[in-house]
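Worksheet: one structure, shown below.
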Amino acid sequence: MINLSFLQDFPKDFNFGVATSSYQIEGTIYGNCGKSIWDDFAERKLNGIDGKLACNHIEYFKEDIKLIKDAGFKAYRFSFAWPRLFPDNNKDVNLKGVDFYKQLLEEINNCDLEAFPTIYHWDLPIRFQKIKGWEDQETCKHFGELSFFISKTFGDQFEKISTINEPWCVSWLSHYLGEHAPGIKNIQSAAKTMHNILFAHSQSVEALRSCNDHQIGIVLNNQFGQPIDSNEENIQATKLFDEIHNRWFSDAIFKGKYPELALSILEKYLPENYKTQLELISSPIDWIGLNYYTRSLIKYKKSDDGVNYECNSGTLKKTDMGWEFYPEGLSYFIKRINKEYDNNIPIYITENGMANNDKLSLGNSIKDHDRIEFFNIHLKEVLDCVNEKLPVKGYFAWSLLDNYEWAFGYSKRFGLVFTDFRNFKRIPKNSYYEFQKYLK
Ligand code: GCO
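Read the sequence shown against numbering that gives the first Met the number 0 and you will find it ends at 439, with the numbers running on by one and no gaps.
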């Protein structure tokens with residue numbers, strides 16, 4: 000029987016938690032939240048399937064925090080919604096928004112959980128898209144101001160904070176592949192945002208440091224790339240994939256430079272002073288978050304813009320997203336951060352989990368056996384790293400609840416807890432009980 004009994008072999012101070020994000024769970028119709036680029040994108044591209052209601056976490060947050068606590072988790076990673084704090088402009092704060100996050104943090108702390116807030120998890124206020132959103136460094140400056148506000152207003156309620164969730168998704172996925180808001184598809188926008196989102200991070204770090212002595216991190220999503228075969232052109236293509244997806248961000252943060260191949264394609268679109276800005280971007284952080292889901296098989300494919308590769312999926316067991324189970328990639332990236340970038344920095348696995356086609360069965364039980372297997376094989380990789388004395392300090396399952404899975408709407412279920420979207424009922428799945436059995 001596949002189970003999670005080995006959770007007990009982790010060190011006592013290892014931090015197990017769950018993660019969520021604002022737009023995916025809160026519900027924007029509650030509490031005077033303003034509009035974000037996701038509302039606009041959902042209207043234009045997703046037949047209006049948006050985060051208006053989501054999981055109605057705004058009204059159910061106490062129940063949600065209790066679920067986290069009752070499973071035996073010790074930490075909760077969530078994000079602040081910028082349009083909830085500043086719905087209309089950059090000056091007038093929404094007191095209902097402030098009040099909500101104060102109460103949320105209070106509840107987290109009262110339950111003896113550690114709060115891991117993220118400042119930005121993709122819900123950019125729509126007003127910024129009029130000045131081209133992350134393509135304009137004005138947005139980055141405002142992000143610095145938001146960070147200062149958050150630190151000043153809520154700073155005594157947490158110790159660790161991360162600036163940005165998955166800069167690759169904010170830039171490449173949203174401005175080159177066009178799969179996420181704002182749904183742009185061009186190399187110039189992509190290159191600009193690849194740099195600007197890191198510049199935004201630097202503005203945030205500077206603001207946070209000026210305000211408090213928090214431990215500051217950033218959350219990167221790394222995806223394992225493997226050449227589809229041993230042909231030299233596929234090996235080169237994989238190198239480019241790895242640079243665009245992964246190394247662009249870690250090289251900038253830890254080394255203050257961009258990797259060669261990717262730079263040879265993108266440099267012409269970057270601002271003239273990008274090298275000076277890289278100095279700011281690489282100012283030291285205190286921990287790094289790693290989100291990990293899967294691998295891709297990479298094949299050479301000619302493209303006019305120089306992005307000469309395509310991603311394919313292999314024949315391993317797959318999740319409901321069509322993503323292969325490939326746990327080896329998780330330990331690979333833990334080791335890579337430690338060996339190639341910074342051998343002291345504490346590493347937190349800030350997301351890992353799978354979508355499964357969960358169905359409510361009689362008696363309200365949800366037998367998500369595949370999810371237990373997914374956690375089993377990935378957590379074993381993490382435990383091996385811990386045993387090798389690598390500084391991995393925590394692991395957050397994605398996600399607490401089935402929620403708004405971006406371009407897939409409500410059709411993909413990542414939760415440890417099932418959400419009945421008709422009435423917001425929460426029903427723990429077997430994977431939830433499996434964690435509970437060994438964490439409690
Ligand atoms: C992520 C995202 C989550 C997604 C998850 C599954 O940071 O990629 O934080 O919002 O829901 O990754 O796609």
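Even for Gly, the Cβ is constructed at its ideal location relative to N, Cα and C.
DSSP beta-bridge partners of residue i
i           : result
residue 427 : 416
residue 35  : 124
residue 310 : 297
residue 78  : 117
residue 291 : 221
residue 346 : 287 and 391
residue 338 : For residue 338, which the question treats as bridged, DSSP gives no partner whatsoever.
Cα-Cα separation between residue i and residue j, rounded to whole angstroms
i           : j           : result
residue 250 : residue 340 : 8 Å
residue 361 : residue 77  : 32 Å
residue 405 : residue 24  : 11 Å
residue 279 : residue 383 : 35 Å
residue 187 : residue 265 : 8 Å
residue 84  : residue 66  : 26 Å
residue 285 : residue 134 : 27 Å
residue 81  : residue 392 : 28 Å
residue 244 : residue 167 : 6 Å
residue 358 : residue 2   : 21 Å
residue 422 : residue 71  : 26 Å
residue 104 : residue 152 : 12 Å
residue 116 : residue 229 : 42 Å
residue 42  : residue 409 : 15 Å
residue 328 : residue 377 : 9 Å
7 Å Cβ cutoff, residue i in contact with chain C
i           : result
residue 419 : Structure shown: chain C not included; a single protein chain is present.
Test item: CB-CB of residue i and residue j under 7 Å
i           : j           : result
residue 220 : residue 311 : no
residue 352 : residue 322 : no
residue 28  : residue 51  : yes
residue 132 : residue 123 : yes
residue 125 : residue 35  : yes
residue 268 : residue 190 : yes
residue 217 : residue 160 : no
residue 355 : residue 319 : yes
residue 288 : residue 325 : no
residue 6   : residue 431 : no
residue 236 : residue 175 : no
residue 150 : residue 211 : yes
residue 429 : residue 367 : yes
Residue i, buried or exposed, once every other Cβ within 10 Å from all chains shown has been counted against 16
i           : result
residue 275 : exposed
residue 314 : exposed
residue 271 : exposed
residue 102 : exposed
residue 193 : buried
residue 337 : buried
residue 10  : exposed
residue 424 : exposed
residue 380 : buried
Endpoints, beta strand (DSSP E) assigned at residue i
i           : result
residue 258 : Counting along the chain, residue 258 falls outside any beta strand (DSSP E), and DSSP gives it neither H nor E.
residue 392 : 391–397
residue 109 : Run containing residue 109: none in the beta strand (DSSP E); it sits in the alpha helix (DSSP H), 94–109.
residue 230 : That residue, residue 230, is in no beta strand (DSSP E); it is neither H nor E in DSSP.
residue 16  : 14–18
Extent of the continuous alpha helix (DSSP H) to which residue i belongs
i           : result
residue 159 : Segment 159–164 is the beta strand (DSSP E) holding residue 159; no alpha helix (DSSP H) there.
residue 204 : 186–210
residue 386 : 368–386
residue 139 : 136–153
residue 440 : The requested residue 440 is not part of the displayed model; the chain covers only 0 to 439.
Residue i beta carbon near the ligand COA (any heavy atom closer than 6 Å)
i           : result
residue 245 : Ligands present in the displayed structure are limited to the ligand GCO, and the ligand COA is not among them.
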